Amino acid sequence: MLPLDLYVSVLEQLEAHRTEPDAVLTLVSCLQTNSELREAALVGALWESHYRVRYLHTEEHDSESRLKARCNSNWRLMYAERRRQDKVALGLLDEMTLHREGRYKIAATLTSMSFDIWDALEIQGSLSVPTLFGGSAAATAAPYALTRRFWAEAILDAISRRFAVLQWGRLTEDTASVSFVDAFSSLSCFFGKPPQEMHAHLLALGGACRKYLLKQRCSVDSDLPDACTKICQFMHEQGFGAVEPTRFYDISNHFPHLYLTTNKRSIPISLVHIFVSLARQLGIPASPIEFPARVLAHISSPPGSDDFLVDPYGADIKPIVSLRNDVPTMLMRLGIPPL
Numbered sequence: 001m002l003p004l005d006l007y008v009s010v011l012e013q014l015e016a017h018r019t020e021p022d023a024v025l026t027l028v029s030c031l032q033t034n035s036e037l038r039e040a041a042l043v044g045a046l047w048e049s050h051y052r053v054r055y056l057h058t059e060e061h062d063s064e065s066r067l068k069a070r071c072n073s074n075w076r077l078m079y080a081e082r083r084r085q086d087k088v089a090l091g092l093l094d095e096m097t098l099h100r101e102g103r104y105k106i107a108a109t110l111t112s113m114s115f116d117i118w119d120a121l122e123i124q125g126s127l128s129v130p131t132l133f134g135g136s137a138a139a140t141a142a143p144y145a146l147t148r149r150f151w152a153e154a155i156l157d158a159i160s161r162r163f164a165v166l167q168w169g170r171l172t173e174d175t176a177s178v179s180f181v182d183a184f185s186s187l188s189c190f191f192g193k194p195p196q197e198m199h200a201h202l203l204a205l206g207g208a209c210r211k212y213l214l215k216q217r218c219s220v221d222s223d224l225p226d227a228c229t230k231i232c233q234f235m236h237e238q239g240f241g242a243v244e245p246t247r248f249y250d251i252s253n254h255f256p257h258l259y260l261t262t263n264k265r266s267i268p269i270s271l272v273h274i275f276v277s278l279a280r281q282l283g284i285p286a287s288p289i290e291f292p293a294r295v296l297a298h299i300s301s302p303p304g305s306d307d308f309l310v311d312p313y314g315a316d317i318k319p320i321v322s323l324r325n326d327v328p329t330m331l332m333r334l335g336i337p338p339l
């Protein structure tokens, strides 16, 4: 027999794959082969990459932490528990695929399981289909692939919409329970986009913005207006800006998964959404404000300094709006006499 470390080293070479089970099946086979291979396959660290590549979503922000605590940080046990949950969900999906009766009840059950089963359903939504329906000749089509894909995608859409509705419902009870950034990001849930996707986009932008400000030698603590101006400049360099007048009423301007990626020229509230997210990630107390004719961002300044507004939509002309000097003029221009 070979030393245990050598077995572990060999098993470490198994490439983790999100949709193909071969590597995990190899580990499971080792658990059932003999005591030496079983001991090697029981090493929890071997399962971490397989867990992370498969499970990208959870129901709550801390649910993975609770799972980790429950399993004593053993990735094999964590993987096994998530797969057991997947098995229940896929069994219900089979029922929906094969039988018309009771589909609404099953759909409600699956939807209530929420993002804990998102990854399993997402994998089902990408099953290979027969070549007759445009599938690859090199891939083997799964049984009832088209039907399974249809119902898996339908449940994914329902899960994301349910999340958004529940999120917004909390705002009626406590307006501080959901941030503006999270609430607005949830609009894309009605296109079947998980909230983690919008969060990842904004987090990546925030990291890039932080590096940009460091490169510009800009300090958030010493000069808030300058920092906010630099954030607007960063957004401009990333392609964000005012939409063309002919496309102002394009519906794609309202959904984060579009204006964060392919439709970066957008309307004021969408640009304010991005600006507020970036500012808050940098520790700047920014919030949206409905100003006549345009949504702006309000910045709370430290004691001794005036608050001010930021206009990401008009940042090419004047990003910083003074409450003392600019707002009265803007109101008069709109025919609104200042108090």
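Residue numbers (the UniProt record's numbering): 1 to 339.
We treat Cβ as the ideally placed atom computed from N, Cα and C, and that holds for glycine.
A quick note: this is a predicted structure, and the numbers were derived from the prediction, not measured.
- Query: For SER270, does the count of other Cβ atoms within 10 angstroms reach 16, so buried, or fall short, so exposed?
  - Reply: By the neighbour-count rule (16 or more Cβ atoms within 10 Å), SER270 is buried.
- Message: Using 8 angstroms as the threshold, is the C-beta distance between SER114 and ILE159 below it?
- Response: Between SER114 and ILE159, the CB-CB gap stays under 8 angstroms.
- Message: Could you check whether the Cβ of ASP86 sits closer than 7 angstroms to any heavy atom belonging to the ligand ADP?
- Response: As presented, the structure is devoid of all ligands, the ligand ADP included, so that no description of it is given.
- Task: Could you tell me whether the Cβ atoms of ASP316 and GLY239 are closer together than 8 angstroms?
- Result: No.
- Stretch pair the region 178–195 + the region 204–218: three plus CB contacts closer than 8 angstroms: Counting C-beta pairs closer than 8 angstroms gives fewer than three between the region 178–195 and the region 204–218, which falls short of the contact rule.
- Message: Residues in the same chain with beta-carbon distance under 7 angstroms from ARG82, minus the five sequence neighbours each way, listed in chain order, please.
- Response: Only TYR55 meet the Cβ criterion.
- Flag this pair as touching only if the region 295–310 and the region 222–233 have three or more C-beta atom pairs under 8 angstroms; answer yes or no. Contact between the region 295–310 and the region 222–233 is present: 3 or more CB-CB pairs across the two stretches fall below 8 angstroms.
- Message: Alpha carbons only, please: which of ALA141, PHE190 and VAL321 is nearest the one belonging to ASP157?
- Response: Cα-wise, what sits closest to ASP157 is PHE190.
- Collapsed DSSP secondary structure at GLU59 in the structure displayed: In this structure, DSSP gives GLU59 a state outside helix and strand, which the three-state scheme calls coil.
- Would you list, in sequence order, the uninterrupted beta strand (DSSP E) runs of no fewer than 3 residues that lie entirely inside the region 297–335? Correct list: 308–310 and 320–322.
- Task: Could you check what DSSP says for ARG294 in three-state terms: helix, strand or coil?
- Result: Strand at ARG294.
- Message: For GLY314 and LYS211, what's the separation of their Cα atoms in angstroms?
- Response: So the alpha carbons of these two residues sit roughly 24 angstroms apart.
- Is LEU6 near LEU46, with beta carbons less than 8 angstroms apart? It is not a contact, given that the beta carbons lie outside the stated cut-off.
- Can you give me the start and stop residues for the alpha helix (DSSP H) that ASP226 sits inside? Note, ASP226: alpha helix (DSSP H), 224–237.
- Buried or exposed (CB count within 10 angstroms, at least 16 for buried), VAL181: So VAL181 counts as buried.
- Query: Around the Cβ of ARG76, are there at least 16 other Cβ atoms within 10 angstroms (buried) or fewer (exposed)?
  - Reply: Of the other Cβ atoms in all chains shown, 16 or more fall within 10 Å of the Cβ of ARG76; this residue is therefore buried.
- Message: Is the separation between the beta-carbon of GLN124 and that of ARG148 shorter than 8 angstroms?
- Response: In this structure, the beta-carbon distance from GLN124 to ARG148 falls below 8 angstroms.
- Nearest candidate by alpha-carbon position, reference ARG161, set GLN233, SER186, VAL88 and ALA176: Nearest C-alpha to ARG161: SER186.
- Item | Spatial distance of LEU127 from ILE320 (CA atoms) | LEU127 and ILE320: Cα-Cα distance of roughly 51 angstroms.
- Message: So if DSSP puts GLY241 in a beta bridge, which residue, or which two residues, is it bridged to?
- Response: When beta bridges are read from the DSSP output, GLY241 appears opposite ARG265.
- If you draw a straight line from the C-alpha of GLN32 to the C-alpha of THR262, how long is it? Note on geometry: alpha-carbon atoms of GLN32 and THR262 lie some 49 angstroms from one another.
- Beta-bridge partners of ILE289, as assigned by DSSP: In DSSP, ILE289 forms a bridge with LEU296.
- Grab me the residues of TRP151's own chain with a C-beta within less than 7 angstroms of its C-beta, minus the 5 sequence neighbours each way, in chain order. Excluding five sequence positions before and after TRP151, the CB atoms of its chain that fall closer than 7 angstroms to its own CB belong to LEU93, MET96 and THR97, given in chain order.
- Helix, strand or coil at THR111 [DSSP, three-state]: Assignment of THR111 by DSSP, reduced to helix, strand and coil, places it in the helix class.
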